[in-house]
Structure formats: C-alpha cells, structure tokens
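Line order of the protein sequences matches chains Z and H.
Using my numbering, the first residue of the first sequence is number 15, and each one after it goes up by one.
Using my numbering, the first residue of the second sequence is number 15, and each one after it goes up by one.
2 protein chains.
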Amino acid sequence: MEKLNERKESILYAIIANYLETGEPVGSRTISKSSDLKLSSATIRNEMSDLEELGFLTSPHTSAGRIPTDKGYRFYVDHIISSKDREVLEVKDLMIAQNEKMEKFFKELVSYVAQNTQLPTVISAPSITKNRVKFVQLSNVDEDHILSVVVMDGNVVRNNVIKVLNPLSNDALLKLNILINTHLTGLTLQQINLGTISKIKEQAGEYADIIESVLNTVADTISDDDLEIYTSGATNIFKYPELSDSQNAIRFLTTFEDKEDLADLINDVQEDVAKSGTGLQVYIGDEAPIQTMKDCSLVTATYDLGDGVKGTIGIIGPKRMDYEKVMTNLNSLKNQIEKTLGRAEETRKNNGNAGDEKV
Amino acid sequence: MEKLNERKESILYAIIANYLETGEPVGSRTISKSSDLKLSSATIRNEMSDLEELGFLTSPHTSAGRIPTDKGYRFYVDHIISSKDREVLEVKDLMIAQNEKMEKFFKELVSYVAQNTQLPTVISAPSITKNRVKFVQLSNVDEDHILSVVVMDGNVVRNNVIKVLNPLSNDALLKLNILINTHLTGLTLQQINLGTISKIKEQAGEYADIIESVLNTVADTISDDDLEIYTSGATNIFKYPELSDSQNAIRFLTTFEDKEDLADLINDVQEDVAKSGTGLQVYIGDEAPIQTMKDCSLVTATYDLGDGVKGTIGIIGPKRMDYEKVMTNLNSLKNQIEKTLGRAEETRKNNGNAGDEKV
DNA sequence: GTTAGCACTCCAAAAACACGAGTGCTAACA
DNA sequence: TGTTAGCACTCGTGTTTTTGGAGTGCTAAC
C-alpha cells in the first residue's frame with residue numbers, strides 16, 4: 015500500500031470519519047474548520063485532489079464534496095486502533111439461559127445484537143460436523159417404525175423416525191443398539207466411512223438392511239449440514255438512505271431472506287478465517303463473497319469452540335457504518351461466547367451443564 | 015347488505031375487476047368501452063355516482079376515476095364464484111417428500127406458495143397441543159444428564175436433556191421408563207394434570223424429584239406452543255407500488271420478520287375459523303386482526319387434520335390482489351394437505367409412513 | 001332513461017428557475 | 001516552496017410555473 019505522509023493520513027482520516035457520521039460528501043471547508051490541523055480549505059483542497067488521484071477518495075460529481083472509495087474504507091478499517099475503552103455488549107443475561115435450548119439462545123442473541131447495533135445481523139449456530147457421536151439409541155415406535163436418537167458430543171440431539179418393513183423384536187433391537195454403539199461411539203461424522211459401515215452391516219446379519227437405513231438416516235440427519243442460520247434486523251437497512259432505494263432494498267432483503275445464500279456466505283467467511291487465522295473479518299463492498307452486497311460492508315466474528323465446532327456472527331451495514339463500534343462489539347461477543355460455551359465444552363465431561371439441542 | 019340492481023352490480027364488478035388488474039383509478043369511459051353492457055360513459059358516470067353514495071366506491075380526488083372502498087372489495091369477494099376451472103397449485107411433488115422432516119416440508123411449501131402467488135406467505139405448522147403421547151423414553155447420557163425423548167401421535171418427536179444431581183442406575187431408569195409410560199401413554203397434554211402427576215410421583219418414591227423435572231421438561235418441551243411459523247416472499251410487496259413507500263414497507267417487513275406477531279395473527283385467525291366454521295377466510299384492510307396490515311388484505315386457509323391438529327396458510331397482499339386465484343389456490347392446498355397428511359393420520363397405525371419432527 | 005356536449009377541476013409530468021455548496025485555478029504572500 | 005485568498009464555473013437540489021389530459025358533474029336534447 016502506498017505510503018501517505020502524516021498530514022495526508024490525518025486529512026483522509028478526518029474525511030472518512032466525517033463521512034461515516036453524516037453520510038454526505040464532505041467538502042474542503044468542513045475539514046478545514048472541524049479538524050485540529052490548522053489549514054485553510056484551499057490547502058485541504060489540494061490534498062484532497064491528491065488523495066483522489068491516489069484512489070482513496072472520489073467525488074460523486076464535479077461540484078460535490080468527496081466520499082471514500084473502498085480503498086479509502088480499507089485504509090480506515092486497517093488503522094482502527096483496537097477498542098480502547100469503548101463500551102461493549104454484555105451477554106451475561108443471555109448466558110444465564112444456557113441450559114435452555116440452543117435454538118432459543120441463538121434466536122435471542124441475534125435479535126439482541128441486531129437491536130444493539132441497529133444493523134442487519136446474521137448468526138450461524140455452531141456446526142457439528144466434527145463432533146463425535148456419544149451414543150445412538152433405537153426404539154420401537156410401532157410395528158413398522160423405529161425411532162433413532164443420536165446424541166453427539168455437546169449433547170446435541172438429533173432424532174428421526176425410520177420406517178421398517180418387518181417389526182423388530184425387542185431383542186433384535188437391543189442387539190442392534192449394542193452393535194451400533196460399539197462401532198460408532200466416539201467417531202466423528204467424517205470417520206464414519208464405508209469401511210465402518212460395511213463392517214457393521216456384516217455383523218448385523220439379517221438386519222443389514224435395517225442397519226443400512228438406520229445409518230443412512232443417521233448420516234442424513236446429522237450431516238444435514240446446511241448451517242443453522244438466524245437472522246434479525248433486516249429492516250434496519252432502511253435507516254440508511256444510500257441502501258434504501260427499492261432496487262437495492264429488494265435485492266438485499268431477498269438475499270437476507272434466503273437462508274441458503276447466507277449459509278454459503280458464512281461458509282466462505284469461515285474459509286477465509288481458516289486462512290487468515292484471525293476471527294474478525296471486515297469485508298468492504300466487493301470484498302464480500304457475495305454480489306448482492308457490493309454496496310455494503312460485512313463485519314464478521316467467527317467463534318471457535320475447538321474440535322472444529324464453530325459459528326459466525328455477521329453484521330451487515332452500509333460501507334459507512336461505525337466500524338469501530340461494530341468491530342469491538344463483535345470481538346467482545348466472540349470472546350464471551352468462546353468463554354461461556356467453550357468452558358461448558360471443557361467441563362462437560364465432568365460436571366457440565368450444556369444445553370440441549372433441536373433435532 | 016344493500017340490494018343493488020343487476021346493472022349496478024355488473025358495473026361495480028367491472029370497475030373492481032379493472033382496478034384489480036391495473037391498480038389505477040378507473041374512469042367511466044374505460045368501463046363504457048371495455049364492458050359488454052352497451053352504455054355510454056355518461057350513464058356509467060351516473061351509476062358510479064350512485065355507487066359512491068352507497069359506499070362501494072370512492073375517488074382519490076375530484077377529477078380522478080373511482081377505486082373500490084373496503085366495502086366494495088367485500089362485495090367483490092363475497093360474490094366470487096368458487097373456482098370454476100382455474101388452474102390450481104399441485105403440491106404432489108412436495109408431498110413425495112413426506113417421509114422427510116416436517117420442518118423441511120413446510121419450508122419448501124411456504125416458499126413454493128410464495129413463489130407461485132408472488133405474494134408474502136406465512137404458514138403455521140400443525141400445532142400439537144391436543145395430540146396424544148405415544149411413548150416417552152429416558153436414557154442416560156452421562157452421569158449427570160439424562161435424555162428424555164417424547165414421541166407424540168403423528169410421530170412428532172421432542173427431546174430434551176435433563177440435568178440430574180445423582181447418577182441413575184440403569185435399573186432405576188428402566189423402572190422410571192415403565193412408570194412414566196404406563197401413566198402417560200395415550201394422554202393429551204391437557205389430560206396430564208396434577209392428579210396424574212402426583213400419582214406418578216408417589217409411585218416413583220425416592221425418584222420423585224426426577225419425575226418432577228422430567229415431567230416439567232416434558233410439558234415444557236411439548237407445550238412450547240409458540241406456533242412454528244414459516245414465512246417466505248416478504249419482498250413481494252415491492253411489486254405493488256401502493257405498498258412500497260418506505261413507511262409502509264418497513265412496518266410491514268418488520269411485522270413479517272417478527273414471528274411472534276405472526277403467531278398471534280394466526281391464532282386470531284384460527285379463532286375466527288372456529289367461530290365461522292369455514293376454513294377459508296378473507297380479511298380486507300381493517301378486518302384483519304393486526305393494525306400494521308390495514309392497507310393489505312389477508313387470505314387464509316386453515317387446514318384441520320382432526321384432533322385439534324391444525325395449521326394455517328396465509329397470504330398477504332394489496333387489497334387489489336387477485337382474490338379469485340389466491341382463494342382457489344389456498345382452498346386447493348388446504349384440501350391437498352388435509353387429504354395427504356390427514357390420510358397419513360388415518361392410516362398411520364396400520365402402514366403409515368408419517369414424517370419425523372424437530373424438537 | 002339515455003346520451004352528447006361542455007365547462008371545470010385537479011393531478012402529474014415537464015420545464016424553468018434560483019440557490020448554494022464545492023471545486024479548480026491563479027496570483028499573491030511568507 | 002508551501003500556503004492562502006479570491007473568483008469564475010459547475011452541477012445537483014429544491015421550488016415554482018406551465019402545460020396537458022383524464023375525468024367529473026351538469027344541462028339539454030333525444
């Protein structure tokens with residue numbers, strides 16, 4: 015990145031800061047008066063002209079002030095001093111609800127964050143793909159249905175009703191239960207491969223086909239790995255005129271309504287996180303891995319509970335959002351979640367009180 | 015309601031039909047030319063004047079055409095001849111997925127309907143409050159957690175992890191299982207009253223407290239009776255300029271995002287259905303039991319699978335929506351759902367293949 | 001009872017206008 | 001050489017004016 019002398023930096027900073035507040039193109043005179051550098055508007059004008067040439071600023075039309083380009087925003091974001099004494103969201107009230115359902119927790123969390131930031135917010139619940147099977151339980155529902163309940167590490171529970179052609183005796187069921195548990199317990203989803211499966215089937219003898227469908231269902235049920243997506247505050251975009259024209263609003267809201275698109279987005283983000291190693295990501299305009307958001311910025315925090323169990327909180331807003339506030343808050347949430355849920359992870363095997371989960 | 019002579023009816027009908035199509039105030043000349051009654055614009059004007067006096071029409075301003083009042087719409091809706099040979103939505107493709115999860119089914123259904131009607135759509139999954147308990151299964155997760163799985167009629171499954179203070183022996187667990195099942199099987203939620211509970215607790219002896227928490231959790235889990243709400247197509251309101259001004263759009267979208275509001279709405283609708291006895295309801299403007307929709311109409315179909323298991327499909331649109339199409343389609347969907355899911359209900363005990371459910 | 005004709009109303013879109021914020025440039029100044 | 005004052009010019013915004021047309025209500029004739 016180009017080097018800017020100190021004065022240019024200050025001016026650029028001042029311009030962007032002002033623009034973030036007002037959303038209006040900012041003129042030389044404003045900066046001359048507001049900033050603490052004692053410079054006339056003419057001087058500022060010259061510098062602005064330079065900054066425009068360098069690609070940090072642009073003007074919507076000849077006789078308007080300047081607004082930041084994406085490059086300008088990037089400069090700004092990269093220079094944010096990480097959270098001094100900004101007030102920070104506290105989720106401890108929410109965390110009390112920890113032994114309630116995850117689902118409920120995330121619903122509350124997402125609306126809490128959206129409420130506080132006044133921005134559209136999306137959260138993905140921790141994905142469990144690398145989680146281990148704790149135990150599987152099959153039971154008879156009626157003569158042609160059996161119920162399979164799979165409990166994963168973290169007490170995530172999934173269940174499914176399977177149709178069978180012939181009734182199973184309780185005895186047979188017991189045997190199948192033992193068989194399945196012997197082989198699956200402690201394995202992650204990835205580790206349950208064809209080898210394992212055929213071994214189990216072999217030992218199941220006449221019940222091989224049942225095993226087959228049980229295992230399929232188990233895999234199906236668990237690896238139903240569209241991320242669980244929670245959203246809130248979509249309509250907050252209307253607070254920003256620059257995103258409110260109906261064209262934009264429709265595109266945005268449509269994307270926000272489509273959980274699959276969002277899941278893709280989160281997946282992409284999580285890949286980036288894996289590469290970059292930092293949990294906090296800022297995407298400005300085109301940087302975001304989704305076209306419909308080229309006029310927005312996306313700030314994400316990916317929390318990691320270990321064992322590949324992770325989720326992401328994302329906040330979407332106009333490019334001129336209050337990055338500092340959003341970033342510090344997301345960072346704090348990330349830490350809090352990691353601490354609280356993570357601790358639960360740690361202690362679960364001893365005295366844990368981890369929540370329950372939806373199927 | 016006032017009697018209108020035949021000519022007035024035809025004219026009113028023609029005016030409304032035209033307005034539904036165009037969304038523009040309709041003038042006397044248009045009707046004079048388009049309708050098959052051979053009348054001059056002057057005559058039509060006189061009749062229109064009468065209709066305005068009678069409260070069926072109104073004009074936005076002196077020199078504009080006429081638009082229907084709510085009373086006009088009501089006249090129109092009440093006179094719709096029920097579905098001649100309109101094409102009708104077929105959900106059979108969707109129904110194939112019947113052995114998949116309900117949740118998935120409704121997600122697909124709601125987006126399918128929204129897609130086809132190009133209108134915001136809301137669906138409530140069948141509520142299960144009057145459903146019977148089929149069986150309950152407790153199992154040990156680890157030394158201080160037990161898992162309770164409750165299967166309801168219709169193979170609706172709910173599960174929850176309960177924390178216990180002292181580990182339970184498998185033996186004790188078995189006894190509890192038998193005890194609970196003996197007393198609860200076949201009961202609806204309403205039937206599980208204090209009497210039943212204290213009887214069970216008495217018999218549970220030293221495990222009374224566990225029973226207590228199990229029962230609580232069971233009740234909690236099941237009667238978590240915020241209706242399950244699915245929505246889709248919210249952004250379709252932007253297709254109608256009269257609803258697209260940002261004021262309106264924000265209010266509407268906010269309501270549509272808030273599942274609780276929608277649940278209330280559906281509850282109100284279901285009460286109306288109970289009173290009126292008909293599954294199909296049309297609310298025009300203020301008639302809808304929700305303020306934020308006073309500029310919209312709401313068409314609902316409530317399907318009833320018997321035993322108090324019912325759900326509602328609702329479509330929200332501008333007052334000038336294509337009522338005929340929407341009503342016939344909703345009616346058809348209602349019938350299809352009742353037939354398919356209802357049949358499953360019937361036959362479940364024999365050869366059913368009903369789906370599974372989320373917690 | 002129906003229709004042709006006409007004057008009148010009123011909105012919507014287009015055109016005309018004024019305003020002002022902001023720029024770039026030049027020339028003077030330290 | 002860097003800074004500043006001054007000025008002409010640009011261009012978007014908001015306001016007012018103008019115009020056109022669609023539609024009505026009324027009257028008078030059929």
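C-beta: ideal position from N, C-alpha, C; glycine also.
In this text, all values refer to a predicted model and were calculated from it rather than measured experimentally.
Chain Z contact residues for residue i, given Cβ-Cβ distances below 8 Å
i, result
"L267 of chain H", "A248, T249 and L267"
The beta strand (DSSP E) enclosing residue i, as first and last residue numbers
i, result
"V313 of chain H", "C310 to D318"
"H75 of chain H", "Looking at the DSSP string, H75 of chain H is not in any beta strand (DSSP E), and its letter there is neither H nor E."
"M116 of chain Z", "Premise fails: M116 of chain Z lies in the alpha helix (DSSP H), M116 to T131, not in any beta strand (DSSP E)."
"M166 of chain Z", "H159 to M166"
Under 9 Å by beta carbon: chain Z residues contacting residue i
i, result
"K148 of chain H", "V155 and D156"
"Q151 of chain H", "Q151, S153, L161 and V163"
Per DSSP, the bridge partner or partners of residue i
i, result
"I298 of chain H", "H:S311"
"S138 of chain H", "H:I243"
"F149 of chain Z", "Z:V165"
"P303 of chain H", "Per DSSP, none; premise fails for P303 of chain H."
"P82 of chain H", "H:L71"
"D156 of chain Z", "Z:H159"
"I8 of chain Z", "For residue 8 of chain Z there is no data in the structure shown, the boundaries of chain Z being 15 and 373."
"V40 of chain Z", "Z:R80"
"V171 of chain Z", "Z:V165"
"T202 of chain Z", "Z:R146"
CB contact check: residue i to chain Z, cutoff 8 Å
i, result
"I264 of chain H", "yes"
"V136 of chain H", "no"
"V165 of chain H", "yes"
"E226 of chain H", "no"
"A111 of chain H", "Because the pLDDT at A111 of chain H is just 40, under 50, the model does not fix this residue reliably, and the value given afterwards should be weighed accordingly. False, the Cβ-Cβ gap to chain Z never drops below 8 Å."
"E271 of chain H", "yes"
is_contact[residue i, chain H] using C-beta, thresh 8 Å
i, result
"Q217 of chain Z", "no"
"N184 of chain Z", "no"
"S97 of chain Z", "The predicted model places S97 of chain Z with a pLDDT of 45, which falls under 50 and marks its position as unreliable, so this point remains unresolved."
Amino acids of chain H, ordered along the chain, whose beta-carbon sits closer than 8 Å to that of residue i
i, result
"E274 of chain Z", "Going along chain H, no residue has its Cβ under 8 Å from E274 of chain Z, so there is no contact; the nearest lies around 10 Å."
"V340 of chain Z", "Going along chain H, no residue has its Cβ under 8 Å from V340 of chain Z, so there is no contact; the nearest lies around 21 Å."
Under 9 Å from the C-beta of residue i: neighbouring residues of chain H
i, result
"F252 of chain Z", "S260, A263, I264 and L267"
Start-to-end residues for the alpha helix (DSSP H) that takes in residue i
i, result
"P255 of chain H", "P255 to S258"
"K273 of chain Z", "K273 to S290"
"G209 of chain H", "L208 to A218"
"I194 of chain H", "N184 to L198"
"I327 of chain H", "It is not in any alpha helix (DSSP H) - I327 of chain H instead sits in the beta strand (DSSP E) that spans K324 to P332."
"G23 of chain Z", "The sequence shown places Glu at residue 23 of chain Z, not Gly. Run containing E23 of chain Z: E20 to T36, per the alpha helix (DSSP H) assignment."
"S54 of chain Z", "Counting along the chain, S54 of chain Z falls outside any alpha helix (DSSP H), and DSSP gives it neither H nor E."
Contact test: residue i Cβ vs the ligand COA heavy atom, cutoff 7 Å
i, result
"P181 of chain Z", "Summarising the ligand content, the structure contains no ligands, and the ligand COA is consequently not present."
The segment 200–207 of chain H / the segment 193–200 of chain Z touching (three or more Cβ pairs under 8 Å) | no
Stretch pair the segment 171–185 of chain H + the segment 202–217 of chain H: three plus CB contacts closer than 8 Å = no
Taking one C-beta from the segment 241–248 of chain H and one from the segment 122–137 of chain H each time, how about it: are there three or more such pairs within less than 8 Å?
-> yes
Check whether the segment 274–285 of chain Z touches the segment 293–303 of chain Z, counting contact only when three or more Cβ pairs, one atom from each stretch, lie closer than 8 Å.
-> yes
Would you say the segment 156–166 of chain Z touches the segment 306–313 of chain Z, given that touching needs at least three Cβ pairs under 8 Å?
-> no
Assess, as a yes-or-no matter, whether the segment 27–46 of chain Z is touched by the segment 334–342 of chain Z under the definition of 3 or more beta carbon pairs within less than 8 Å.
-> yes
Contact between the segment 219–232 of chain H and the segment 262–273 of chain H: three or more CB pairs below 8 Å?
-> no
Pair every Cβ in the segment 316–330 of chain Z with every Cβ in the segment 77–91 of chain Z, then say whether three or more of these pairs are closer than 8 Å.
-> Fewer than three pairs of CB atoms, one per stretch, sit closer than 8 Å, so the segment 316–330 of chain Z makes no contact with the segment 77–91 of chain Z.
Segment contact flag, the segment 336–354 of chain H with the segment 145–154 of chain H, C-beta cutoff 8 Å, min 3 pairs = no
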